[in-house]
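K.L.:
In the numbering used here, the protein residues as written are -11 to 1069.
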Amino acid sequence: METMAKMEVKTSLLDNMIGVGDMVLLEPLSEETFINNLKKRFDHSEIYTYIGSVVISVNPYRSLPIYSPEKVEDYRNRNFYELSPHIFALSDEAYRSLRDQDKDQCILITGESGAGKTEASKLVMSYVAAVCGKGAEVNQVKEQLLQSNPVLEAFGNAKTVRNDNSSRFGKYMDIEFDFKGDPLGGVISNYLLEKSRVVKQPRGERNFHVFYQLLSGASEELLNKLKLERDFSRYNYLSLDSAKVNGVDDAANFRTVRNAMQIVGFMDHEAESVLEVVAAVLKLGNIEFKPESRVNGLDESKIKDKNELKEICELTGIDQSVLERAFSFRTVEAKQEKVSTTLNVAQAYYARDALAKNLYSRLFSWLVNRINESIKAQTKVRKKVMGVLDIYGFEIFEDNSFEQFIINYCNEKLQQIFIELTLKEEQEEYIREDIEWTHIDYFNNAIICDLIENNTNGILAMLDEECLRPGTVTDETFLEKLNQVCATHQHFESRMSKCSRFLNDTSLPHSCFRIQHYAGKVLYQVEGFVDKNNDLLYRDLSQAMWKASHALIKSLFPEGNPAKINLKRPPTAGSQFKASVATLMKNLQTKNPNYIRCIKPNDKKAAHIFNEALVCHQIRYLGLLENVRVRRAGYAFRQAYEPCLERYKMLCKQTWPHWRGPARTGVEVLFNELEIPMEEYSFGRSKIFIRNPRTLFKLEDLRKQRLEDLATLIQKIYRGWKCRTHFLLMRKSQIVIAAWYRRYAQQKRYQQIKSSALVIQSYIRGWKARKILRELKHQKRCEEAATTIAAYWHGTQVRREYRKFFRANAGKKIYEFTLQRIMQKYFLEMKNKMPSLSPIDKNWPSRPYLFLDSTHKELKRIFHLWRCKKYRDQFTDQQKLIYEEKLEASELFKDKKALYPSSVGQPFQGAYLEINKNPKYKKLKDAIEEKIIIAEVVNKINRANGKSTSRIFLLTNNNLLLADQKSGQIKSEVPLVDVTKVSMSSQNDGFFAVHLKEGSEAASKGDFLFSSDHLIEMATKLYRTTLSQTKQKLNIEISDEFLVQFRQDKVCVKFIQGSQKNGSVPTCKRKNNRLLEVAVP
-11 METMAKMEVK
-1 TSLLDNMIGV
9 GDMVLLEPLS
19 EETFINNLKK
29 RFDHSEIYTY
39 IGSVVISVNP
49 YRSLPIYSPE
59 KVEDYRNRNF
69 YELSPHIFAL
79 SDEAYRSLRD
89 QDKDQCILIT
99 GESGAGKTEA
109 SKLVMSYVAA
119 VCGKGAEVNQ
129 VKEQLLQSNP
139 VLEAFGNAKT
149 VRNDNSSRFG
159 KYMDIEFDFK
169 GDPLGGVISN
179 YLLEKSRVVK
189 QPRGERNFHV
199 FYQLLSGASE
209 ELLNKLKLER
219 DFSRYNYLSL
229 DSAKVNGVDD
239 AANFRTVRNA
249 MQIVGFMDHE
259 AESVLEVVAA
269 VLKLGNIEFK
279 PESRVNGLDE
289 SKIKDKNELK
299 EICELTGIDQ
309 SVLERAFSFR
319 TVEAKQEKVS
329 TTLNVAQAYY
339 ARDALAKNLY
349 SRLFSWLVNR
359 INESIKAQTK
369 VRKKVMGVLD
379 IYGFEIFEDN
389 SFEQFIINYC
399 NEKLQQIFIE
409 LTLKEEQEEY
419 IREDIEWTHI
429 DYFNNAIICD
439 LIENNTNGIL
449 AMLDEECLRP
459 GTVTDETFLE
469 KLNQVCATHQ
479 HFESRMSKCS
489 RFLNDTSLPH
499 SCFRIQHYAG
509 KVLYQVEGFV
519 DKNNDLLYRD
529 LSQAMWKASH
539 ALIKSLFPEG
549 NPAKINLKRP
559 PTAGSQFKAS
569 VATLMKNLQT
579 KNPNYIRCIK
589 PNDKKAAHIF
599 NEALVCHQIR
609 YLGLLENVRV
619 RRAGYAFRQA
629 YEPCLERYKM
639 LCKQTWPHWR
649 GPARTGVEVL
659 FNELEIPMEE
669 YSFGRSKIFI
679 RNPRTLFKLE
689 DLRKQRLEDL
699 ATLIQKIYRG
709 WKCRTHFLLM
719 RKSQIVIAAW
729 YRRYAQQKRY
739 QQIKSSALVI
749 QSYIRGWKAR
759 KILRELKHQK
769 RCEEAATTIA
779 AYWHGTQVRR
789 EYRKFFRANA
799 GKKIYEFTLQ
809 RIMQKYFLEM
819 KNKMPSLSPI
829 DKNWPSRPYL
839 FLDSTHKELK
849 RIFHLWRCKK
859 YRDQFTDQQK
869 LIYEEKLEAS
879 ELFKDKKALY
889 PSSVGQPFQG
899 AYLEINKNPK
909 YKKLKDAIEE
919 KIIIAEVVNK
929 INRANGKSTS
939 RIFLLTNNNL
949 LLADQKSGQI
959 KSEVPLVDVT
969 KVSMSSQNDG
979 FFAVHLKEGS
989 EAASKGDFLF
999 SSDHLIEMAT
1009 KLYRTTLSQT
1019 KQKLNIEISD
1029 EFLVQFRQDK
1039 VCVKFIQGSQ
1049 KNGSVPTCKR
1059 KNNRLLEVAV
1069 P
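(1) Report, in whole angstroms, the separation of the C-beta atoms of V187 and P589, which I expect to be a contact under 8 angstroms.
(2) Using beta-carbon positions only, say whether V310 and K542 come within less than 8 angstroms of one another.
(3) So L13 packs on F625, CB below 8 angstroms; how close in whole Å?
(4) Would you mind sorting I741 into buried or exposed? The rule is 16 or more other CB atoms within 10 Å of its CB.
(5) Grab the span of the beta strand (DSSP E) containing H983 for me, first residue to last.
(6) For D256 and K401, I'd like the C-alpha separation in whole angstroms.
(7) Is D528 buried or exposed, if buried means 16 or more other CB atoms sit within 10 Å of its CB?
(8) Closest to P1072 by CA distance: which of R855, S878, Q93 and A146 is it?
(9) A899 bridges to which residues according to DSSP?
(10) So K905 and N945 are supposed to be a Cβ contact under 8 angstroms. How far apart are they, rounded?
(11) What's the C-alpha gap between W354 and I435?
(12) What residue does the beta strand (DSSP E) around K626 start on, and which one ends it?
(13) To the nearest angstrom, how far is the alpha carbon of K857 from that of S842?
(14) Just to confirm, is the Cβ distance from L17 to V603 under 8 angstroms?
(15) What are the boundary residues of the alpha helix (DSSP H) that E600 is part of?
(16) If you reduce the DSSP assignment to three classes, tell me which class S101 lands in.
(17) When you measure from the CB of T244 to every non-hydrogen atom of the ligand HEM, does any distance come out below 7 angstroms?
(18) Take K993 and list the residues in its own chain whose beta-carbon comes closer than 7 angstroms to its own, dropping the five residues that flank it on each side.
(19) Suppose you measure from the CA of K159 to the CA of M374; what does that come to, to the nearest Å?
(20) Compute the distance between the beta-carbons of A475 and G173, then report whether it is under 8 angstroms.
(21) Could you tell me how far apart the beta carbons of Q128 and V252 are, in whole angstroms, since I believe they sit closer than 8 angstroms?
(22) Taking the beta carbon of R185 as the centre, do at least 16 other beta carbons fall within 10 Å, making it buried, or is it exposed?
(23) Do the segment 133 to 147 and the segment 355 to 363 meet, that is, are 3 or more Cβ pairs less than 8 angstroms apart?
(24) State the DSSP-derived secondary structure class of T843, mapped to helix, strand or coil.
(25) Under 7 angstroms Cβ to Cβ from K469, same chain only, skipping five residues before and after it: list those, please.
(26) What residue range is occupied by the uninterrupted alpha helix (DSSP H) comprising L78?
(27) Considering T37, what are the terminal residues of the beta strand (DSSP E) in which it resides?
(28) Have a look at D341 and Q415 and give me their C-alpha separation to the nearest angstrom.
(29) Which residues does DSSP list as the beta-bridge partners of C1056?
(30) Beta-carbon separation of L181 and R156 under 8 angstroms?
(31) Put R731 into one of helix, strand or coil per three-state DSSP.
(32) For V1039 versus V1066, is the C-beta spacing smaller than 8 angstroms?
(33) Is it the case that the Cβ atoms of S316 and G516 are separated by a distance below 8 angstroms?
(34) Any idea what DSSP makes of V8, helix, strand or coil?
(35) Specify the secondary structure class of N521 as computed by DSSP and reduced to three states.
(36) Helix, strand or coil, according to DSSP, for S316 in the structure here?
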């Protein structure tokens, strides 16, 4: 199977081609044929197509088996056109040019949201990581570069209606290599994070991934630390209609991000600080304001619920009053003056959202810088650089605002540099190959770029000017300015401009303007342009953030430092982006470009669906048809002489099968033989240039026909060889088979003769053996008969001589023998009739003989002792202790106390109150250092009136303690050495008295009288503990009358029978100073 798989590998772009692999060869070239070719390839899972060296990638919205390690090896160190179109081919070409030719490279990945740009950049990086060098240090660098993606995706990507993992920022990564081509590190630049998404998301879209990942994947402990709840609906900044995305596991992605941050080099405290900032942004959205009128008649905003504000301040370490004031007041400074104004509710909400957006966007920039610190090259040697640009594609929505305007401006610049670099590359190749360069007409979008970025009358310049001028500035005044300055520009359209042709254009609203981009016309809503360009954050909020004790937040707002107050207005968002784009363009122009154009086949994010209208729109705004025309304006196809001769040499007898001269001479001979017109091709220094695709397809048709002829010839020769080989093999086989058969026949005949001889021999030997046996049997019978006769004769002689002795001892022998047999039978029967091993089993087999009575009883006793020992051996130490206590209780109370039988089946638990677990008794637990043997609530009988009070009865190794049940405070503590006796009645009650040693400190108030439901257990444990500690047995008195010492008096406690009002509960009553009567039912 492996051999077959290798045979199926394409050895050329033109082999087994589905549609046309390179659009330059498409004939005829039109928009319809272009789309049909893409659709045909897409339907056959061919998602990559070339336009010369440009790769078109159609998002399949499913996994394809074309990115395996085997595929990486297939494209490694192969010519760009050698195999079918693939992103690995472009990646390999760029990497080899960087490594071998010392040319800095850049890979530009463009396309609209959902077209697969992010995945394409990942594939490029994974391919480069797979083919470059190995080693522990190199692998660490590669792993850090790859693991930076999950972190940036979590904080910079979001679900949109077009893409579940849409990049909401532009990313440019410079990967730095050493002279061997091994990665040293990298530098990431980010462009225009869509921070407005933090506070508001369109319907059907989500906020940035990290918010949902944190709430889904964080542990309960982490959520509590961040003061968050897992429910998405608790947060105003999170849209609920798309909170869950099919096929996306936010919890697993959170674990992936935490692991990636660790690999990239984030310290634990840094990761925690980042999550605290994310939590603070989430909770900012829950702050709401209410209006409050002041004395001067102005409205002032107040925070409705300050709990959220309090938690934010605890997270960030900001004084609550400082942040609360920053949301209610705005301080404006001008020279030496400060003016403080109140904020109404709308302004307060604007300030809150501005703070959330700035906090998140600055955190994102900090993340990028922190990653750059980890992945930057550590050495200062000369580096080779490969840049990967993954930036938002051209955007045309129903409502297009400032973000779309900036994004489309960036795409205009990229299209401009694309056309310039493509033409430059074509011209350089023509000059290098000594081919005459012909001028190519193309649309130059520099006029559109100038409309946007011109320093005097460009749209961005006028927007900045409008933002900076004094007076009332609104979006309408900005539009009026555009109508005055840009009215005559051929690519600018506005209903309110001086140009009369748009006055009655109903498709153009009054509050909008339209720009005719290279990709088509885009209508921009002017609402929000001024605010978004200003991107203002009130100085009060900056200063409040700078005062935070949270190190990360403080570092994000350096302008909040009062010592560094700068009254100069910060640069606008538009001017910052314009400068960033200019730097990017300058950077790209110093590198060799490689292009990947990503196309989205449908808006449903579904596999196997190809929407021709949608693809047509993308083809237009990506300028792909124009790219093909530029590429084939001169020569549509070019190829080095060696592969060209190798591919088509079978079309000429002089070059087939081997050409001995130079490759160029061979190609000249080949083309002259085929009579191809001279105007259809030109010879360069190292390549043949073919002008028209029809010429190439003619060569391919001739090659295909010639290959069929050659295949027929090969088949004919092969079949002849195969038939002759088969005949020779058959003849050789016949000779071998005949020889083996003759050998087999002789062997079989020999075996038959041998078998017959053996049979005859066996019969003869048998006859001889039987004859000898008969003779031996006769001889043996004679000998046995003589022996028998002699034995009988000797027996008769002996019996005659010893008859008198036998008669004297026969009775005794017979008796002993009979007795022995009876005993043996008895033991055998007992073996089969043994009872079970249970100690309580009373069964025992009946005695068979009277004389065995004592033996039978002894055997029963021994067996019972043995099975009791077996039963005891199964006990654990704890069980032995329990049974010892039960045995002790039996010895003390059996047949003495009527309550005892009911206690036999109840296990002795001791600690009925879980003091160690119950927080109510924490104070009591801390006061006792010894092990608690008994912890039970008992009723203590009042010495004065006989009424009962609940007390906690505690028994430790050395003391007996009484504590208050409610407060847990210890009331009495009696050492066990002072306990002399325990008295109780013989009836079914729980009363017992604890007698104390006279003269002891504990006996100052007299003896104790208690009532408990676990009397037997408490008395038993008290007895055993006292014996263990004092080595003296505690006296247990069981009597229906006994004396107790109450202070200086001796009182008789008498137990009587009687019916009770409380049912079965005994009652105690003080009759007089000398008698305490207990009525027991």
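For glycine and all other residues, C-beta sits at the position ideal for the given N, C-alpha and C.
P.N.:
Judging by the given coordinates:
(1) In the sequence shown, residue 187 corresponds to position 199, counting from 1. In the sequence shown, residue 589 corresponds to position 601, counting from 1. V187 to P589, Cβ: 33 angstroms. No contact.
(2) Walking along the sequence shown from the start, residue 310 turns up at place 322. Walking along the sequence shown from the start, residue 542 turns up at place 554. Against a cut-off of 8 angstroms, the Cβ pair of K542 and V310 comes out as no contact.
(3) If you number the sequence shown from 1, residue 13 lands on position 25. If you number the sequence shown from 1, residue 625 lands on position 637. About 6 angstroms separates the beta carbons of L13 and F625, which is inside the 8 angstroms limit, making them a contact pair.
(4) To locate residue 741, count along the sequence shown from 1; it is residue 753. By the 10 Å Cβ count, I741 comes out exposed.
(5) Locating residue 983 in the sequence shown gives position 995, counting from the first residue. Its beta strand (DSSP E) spans residues F979 to L984.
(6) Counting from 1 along the sequence shown, the entry for residue 256 is found at position 268. Counting from 1 along the sequence shown, the entry for residue 401 is found at position 413. Using only the alpha carbons, I get a separation of about 41 angstroms.
(7) The sequence position of residue 528 within the sequence shown is 540, counting from 1. Per the 10 Å Cβ criterion, buried.
(8) One cannot answer for residue 1072 here, as it falls past the ends of the chain, which runs -11 to 1069.
(9) Position 911 of the sequence shown holds residue 899. Bridge partners of A899: A923.
(10) As a working mapping, residue 905 is identified with position 917 in the sequence shown. As a working mapping, residue 945 is identified with position 957 in the sequence shown. 21 angstroms between Cβ atoms; not a contact.
(11) The residue given as residue 354 occupies position 366 in the sequence shown. The residue given as residue 435 occupies position 447 in the sequence shown. Rounded to the nearest angstrom, the two C-alpha atoms are 36 angstroms apart.
(12) For the purposes of this step, residue 626 is identified with residue 638 of the sequence shown, where counting begins at 1. Looking at the sequence provided, one finds Arg at residue 626 rather than Lys. Its beta strand (DSSP E) spans residues F625 to A628.
(13) For the purposes of this step, residue 857 is taken as the residue at position 869 of the sequence shown. For the purposes of this step, residue 842 is taken as the residue at position 854 of the sequence shown. Straight-line Cα distance between these residues: approximately 23 angstroms.
(14) Numbered from its first residue, the sequence shown carries residue 17 at position 29. Numbered from its first residue, the sequence shown carries residue 603 at position 615. Cβ atoms of L17 and V603: not closer than 8 angstroms.
(15) For this step, residue 600 is matched to residue 612 along the sequence shown. Under the DSSP assignment, E600 falls in the alpha helix (DSSP H) whose first and last residues are E600 to L610.
(16) Taking the sequence shown and counting its residues from 1, the one referred to as residue 101 is at position 113. Of the three classes helix, strand and coil, the one that applies to S101 here is coil, per DSSP.
(17) The ligand HEM is absent from the structure shown, which contains no ligand whatsoever.
(18) Taking the first residue of the sequence shown as 1, we reach residue 993 at position 1005. Excluding sequence neighbours, K993 sits near R1035.
(19) Along the sequence shown, one-based indexing puts residue 159 at 171. Along the sequence shown, one-based indexing puts residue 374 at 386. So the two alpha carbons sit approximately 14 angstroms from each other.
(20) For the purposes of this step, residue 475 is taken as the residue at position 487 of the sequence shown. For the purposes of this step, residue 173 is taken as the residue at position 185 of the sequence shown. No, the Cβ-Cβ distance between A475 and G173 is not below 8 angstroms.
(21) Within the sequence shown, residue 128 is the residue found at index 140, counting from 1. Within the sequence shown, residue 252 is the residue found at index 264, counting from 1. About 11 angstroms separates the two Cβ atoms, so there is no contact after all.
(22) Position 197 of the sequence shown holds residue 185. Buried is the call here.
(23) Short answer: they touch.
(24) Here residue 843 refers to the residue found at position 855 of the sequence shown. The answer is helix: DSSP assigns T843 an H, G or I state.
(25) In the sequence shown, counting from the first residue as 1, residue 469 sits at position 481. Excluding sequence neighbours, K469 sits near M450 and E454.
(26) Translated into positions along the sequence shown, residue 78 becomes position 90. From DSSP, the alpha helix (DSSP H) with L78 extends over I75 to Q89.
(27) Here residue 37 refers to the residue found at position 49 of the sequence shown. T37 -> beta strand (DSSP E) spans Y36 to I39.
(28) Position 353 of the sequence shown holds residue 341. Position 427 of the sequence shown holds residue 415. Those two C-alpha atoms are separated by around 52 angstroms.
(29) Position 1068 of the sequence shown holds residue 1056. Beta-bridge pairing links C1056 to V1066.
(30) Translated into the one-based positions of the sequence shown, residue 181 becomes position 193. Translated into the one-based positions of the sequence shown, residue 156 becomes position 168. Yes, the pair counts as a contact, with Cβ atoms nearer than the cut-off.
(31) One-based indexing of the sequence shown puts residue 731 at position 743. R731 falls in the helix class under three-state DSSP.
(32) Against the sequence shown, residue 1039 aligns to sequence position 1051. Against the sequence shown, residue 1066 aligns to sequence position 1078. Taking 8 angstroms as the Cβ cut-off, V1039 and V1066 do not qualify as a contacting pair.
(33) Sequence index remark: in the sequence shown, residue 316 carries index 328 (1-based). Sequence index remark: in the sequence shown, residue 516 carries index 528 (1-based). For S316 and G516, no; Cβs fall outside 8 angstroms.
(34) As a working note, residue 8 is residue 20 in the sequence shown. DSSP, reduced to helix, strand and coil, places V8 outside both helices and strands of the structure shown, so it counts as coil.
(35) Numbered from its first residue, the sequence shown carries residue 521 at position 533. If DSSP states are grouped into helix, strand and coil, N521 belongs with the helices.
(36) If you number the sequence shown from 1, residue 316 lands on position 328. The answer is helix: DSSP assigns S316 an H, G or I state.
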